[in-house]
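A.B. asks: Sharing a structure with you now.
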Amino acid sequence: MSMSINRVPISSGLLLLIFLFQEAFVNRINFFLGGFALYLAFAIAWILREERSSAVLIGFLAGLIADLSPTLEAPFGLWTFTMTGLAFLIVTYVRGSLDSNLSPLTLSVVTTIFSTIAIALFVIFGAILGQDVPSFSVIARELIGNALWSFVLAPLYIPLAIRSHKLSLSARER
Amino acid sequence: MATRGTNRARLLLVSLLVTSLLLITLDLRGVSVVSSIRGFTQSALAPFQSFGSTLISPIGQFFSDLFNLNNTRERIDELEKENQELKAQVIFNKDIEGELKQLKGVLDLAGKARFKTVSARVISKGGTATISESIVIDQGSSAGIRRDMTVIAASGLVGVVKSTTANASVVMLMSDPSFRVGVRVAGSQFMGVLSGEGQNIFSLQMLSAAADLSVGDVLLSRGSSGDAPFVPGVPVGKIVFVENATGQLTKEARVESFVDLNSIGVVSVVLDSRGSNPGDALVPAAPRPAPTITVFVTPSPNE
Numbered sequence: 030m031s032m033s034i035n036r037v038p039i040s041s042g043l044l045l046l047i048f049l050f051q052e053a054f055v056n057r058i059n060f061f062l063g064g065f066a067l068y069l070a071f072a073i074a075w076i077l078r079e080e081r082s083s084a085v086l087i088g089f090l091a092g093l094i095a096d097l098s099p100t101l102e103a104p105f106g107l108w109t110f111t112m113t114g115l116a117f118l119i120v121t122y123v124r125g126s127l128d129s130n131l132s133p134l135t136l137s138v139v140t141t142i143f144s145t146i147a148i149a150l151f152v153i154f155g156a157i158l159g160q161d162v163p164s165f166s167v168i169a170r171e172l173i174g175n176a177l178w179s180f181v182l183a184p185l186y187i188p189l190a191i192r193s194h195k196l197s198l199s200a201r202e203r
Numbered sequence: 464m465a466t467r468g469t470n471r472a473r474l475l476l477v478s479l480l481v482t483s484l485l486l487i488t489l490d491l492r493g494v495s496v497v498s499s500i501r502g503f504t505q506s507a508l509a510p511f512q513s514f515g516s517t518l519i520s521p522i523g524q525f526f527s528d529l530f531n532l533n534n535t536r537e538r539i540d541e542l543e544k545e546n547q548e549l550k551a552q553v554i555f556n557k558d559i560e561g562e563l564k565q566l567k568g569v570l571d572l573a574g575k576a577r578f579k580t581v582s583a584r585v586i587s588k589g590g591t592a593t594i595s596e597s598i599v600i601d602q603g604s605s606a607g608i609r610r611d612m613t614v615i616a617a618s619g620l621v622g623v624v625k626s627t628t629a630n631a632s633v634v635m636l637m638s639d640p641s642f643r644v645g646v647r648v649a650g651s652q653f654m655g656v657l658s659g660e661g662q663n664i665f666s667l668q669m670l671s672a673a674a675d676l677s678v679g680d681v682l683l684s685r686g687s688s689g690d691a692p693f694v695p696g697v698p699v700g701k702i703v704f705v706e707n708a709t710g711q712l713t714k715e716a717r718v719e720s721f722v723d724l725n726s727i728g729v730v731s732v733v734l735d736s737r738g739s740n741p742g743d744a745l746v747p748a749a750p751r752p753a754p755t756i757t758v759f760v761t762p763s764p765n766e
């Protein structure tokens, strides 16, 4: 089942709303140990519920929106590249080996792992493109912090991602 | 059918990856449309960030305090004694007071150096997903701010303006790994380059191995040609560790910044240094030692 073209505006709109919330509110909170990339975790939880083609497209849209962040040093398109590739890997090699009805705990764990991997890949691709990379300790702190908060706050954002996914589906797809 | 679906997904993947690589190439080649997208986003985000900053400010420390319950328990007990209305008022006043204190400090610093500045509130900062050390302030090109202007706080250097829109600017913090600033040791003319490392500790590489460095030495910005991106004489940090390796061509040290970059609320952007070089005038005063009272008691032989 390929993603209906009608889903693109509504999916982009929902992702943009979460991005706005991340930039305006979440980024202002001083989290213990690193920070929390709500937007990334939300996008990955959403991707986990999609079919292969639509997951790639959602990954692309999510990356494109993440690239809009004004505080981003990396070239425009790097998050798009990372998220598109990661979305394909998730649905091809991970989603297939999991139970078709993911339990909330599995969804939380997989989301936490892949949002952390997404940041790590972004740093690695950035380094390959010649971006300045923070010290290992700083990266490790950010990754551990993000994993911690992605897991702890999963009960808040995962239901939201599931509802957003359902909302973006047409009546026939539901 | 499954193969057709897989092939379609792979074709879509390849086309989207090529599109993203095209975007990266266009950005790296400096195509203005791509590079101005983030400026446009900043303009659109600024009102929301400003609102978010006002809303989040009193509770911004909540998640870090959660893990320091022992330290905050006393404060919580103390606050619980007060009634709800008074507590809300105290939190609000405290927030305003903190910002005023920071504003007074930064204006004092700018005034001492005779810099022409514009003050701004920090409305957002770079998130985990950006892996960059930056903040967003609520003043932009309409207040005269341009790219590559020096940004200072009450205790010294904060960073440099990276991009501006009409009502907001993105400031690269001095802790960013790509940040470099030329510095000199206060009271001498030994020069070096300070580099950001993602936290409040920085690495300093002196230009000469003969530089005489010691722990506690204060570093000031050297200034750039045309005062952009750095005006001279701004306190940057103090040396906390000197690496004494023999046979090196340069001397290296670790530096602690004067400004706590994790808790800045108000900053000033230097619009014009008016050609003034404050020299060592902005070096922070050393803390005065508190007088020690010594009481001598001589036992009386009768007792």
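Keeping their order, the protein sequence lines are chains R and E. In this note's numbering, each number is its position in the first sequence, counted from 1, plus 29. In this note's numbering, each number is its position in the second sequence, counted from 1, plus 463. Cβ coordinates follow ideal geometry from the N, Cα and C atoms, glycine included.
1. Among the candidates E:Phe665, E:Phe511, E:Asn556, whose CA atom is the shortest distance from the CA of valine 699 of chain E?
2. To the nearest angstrom, report how far apart serine 731 of chain E and valine 646 of chain E are at their CA atoms.
3. According to DSSP, is leucine 127 of chain R part of a helix, a strand, or is it coil?
4. Determine the chain R residues that contact proline 640 of chain E at a beta-carbon separation under 7 Å, and present them in chain order.
5. Judging by CA-CA distance, which residue of R:Ile87, R:Glu80, R:Arg81, R:Leu46 is the nearest neighbour of leucine 67 of chain R?
6. Could you pull the start and end residues of the alpha helix (DSSP H) that alanine 183 of chain R belongs to?
7. Would you list the one or two residues that DSSP bridges to methionine 635 of chain E?
8. Between serine 739 of chain E and glutamate 102 of chain R, what straight-line distance do the alpha-carbon atoms span, to the nearest angstrom?
9. What residues from the segment 722-747 of chain E come within 9 Å of chain R, judged by C-beta to C-beta, listed N to C?
10. Closer than 9 Å, CB to CB, is arginine 647 of chain E near chain R or not?
11. Can you tell me whether phenylalanine 89 of chain R is buried or exposed? The criterion is at least 16 other CB atoms within 10 Å of its CB, across all chains shown.
12. Given that glutamine 505 of chain E touches chain R, what residues does it touch there, using C-beta distances under 7 Å?
13. Do you know how far the Cα of threonine 755 of chain E is from the Cα of threonine 761 of chain E?
14. Taking 9 Å as the threshold (beta carbon to beta carbon), is valine 703 of chain E in contact with chain R?
15. Within its chain, find whatever has a CB closer than 6 Å to the CB of glutamate 79 of chain R; leave out the 5 residues flanking it on each side and keep chain order.
16. In the structure shown, what three-state DSSP assignment does lysine 701 of chain E receive?
17. Lysine 588 of chain E touches chain R at which residues, Cβ-Cβ below 8 Å?
18. Do the CB positions of threonine 145 of chain R and serine 179 of chain R come within less than 9 Å of each other?
19. Counting Cβ pairs, one atom from each stretch, are 3 or more of them under 8 Å apart for the segment 110-120 of chain R and the segment 597-605 of chain E?
20. Tell me the DSSP secondary structure of methionine 30 of chain R in three-state form.
21. Name, please, each residue of chain E whose Cβ falls closer than 7 Å to the Cβ of tyrosine 68 of chain R.
22. So if I threshold CB-CB distances at 9 Å, which residues from the segment 555-579 of chain E count as touching chain R?
23. Taking the alpha helix (DSSP H) that threonine 109 of chain R falls in, what are its first and last residues?
24. Taking the alpha carbon of glutamate 719 of chain E as the reference point, which residue from E:Val729, E:Ile702, E:Thr713, E:Glu706 has its own alpha carbon closest?
25. In angstroms, rounded to a whole number, what distance separates the CA positions of alanine 72 of chain R and tyrosine 186 of chain R?
26. Under 9 Å, CB to CB, which of the residues in the segment 600-632 of chain E have a partner in chain R?
27. Just tell me which of E:Leu712, E:Asn663, E:Ala649 has its CA closest to the CA of methionine 669 of chain E.
28. Over what stretch of residues does the alpha helix (DSSP H) that includes valine 152 of chain R continue unbroken?
29. Three-state secondary structure (DSSP) at methionine 464 of chain E?
30. Apart from the five residues on each side of it in sequence, which residues of its chain come closer than 6 Å, Cβ to Cβ, to alanine 691 of chain E?
31. Of all the residues that make up the segment 655-685 of chain E, which are near chain R by a beta-carbon distance shorter than 9 Å?
32. Does DSSP put glycine 607 of chain E in a helix, in a strand, or in coil?
33. Output the distance between the C-alpha atoms of glycine 619 of chain E and arginine 577 of chain E, rounded to the nearest integer angstrom.
34. Answer with yes or no whether the minimum CB distance from phenylalanine 71 of chain R to chain E is below 9 Å.
35. Is the segment 500-515 of chain E close to the segment 114-124 of chain R, with three or more CB pairs under 8 Å?
36. Could you give the distance in angstroms between the alpha-carbon of aspartate 639 of chain E and the alpha-carbon of serine 595 of chain E?
C.D. replies: This is what the structure gives:
1. E:Phe665
2. 20 Å
3. coil
4. Asp161, Val162, Pro163
5. R:Leu46
6. 183-197
7. E:Ser597, E:Val623
8. 32 Å
9. Asn725, Ser726
10. no
11. buried
12. Pro99
13. 19 Å
14. no
15. Ile87
16. strand
17. Asn56, Arg57, Thr100
18. yes
19. no
20. For methionine 30 of chain R, the predicted structure reports a pLDDT of 46, less than 50, and the residue's modelled location is therefore unreliable. A value from the coordinates is still provided. Of the three classes helix, strand and coil, the one that applies to methionine 30 of chain R here is coil, per DSSP.
21. Ala592
22. none
23. 107-118
24. E:Ile702
25. 10 Å
26. Lys625, Ser626, Thr628, Ala631
27. E:Leu712
28. 133-157
29. Confidence is the limiting factor: at methionine 464 of chain E the pLDDT is only 48, short of 50, which leaves the residue's position unreliable, though a coordinate-based value still follows. If DSSP states are grouped into helix, strand and coil, methionine 464 of chain E belongs with coil.
30. Asp611
31. Gly659, Glu660, Gly661, Gln662
32. coil
33. 14 Å
34. no
35. no
36. 6 Å
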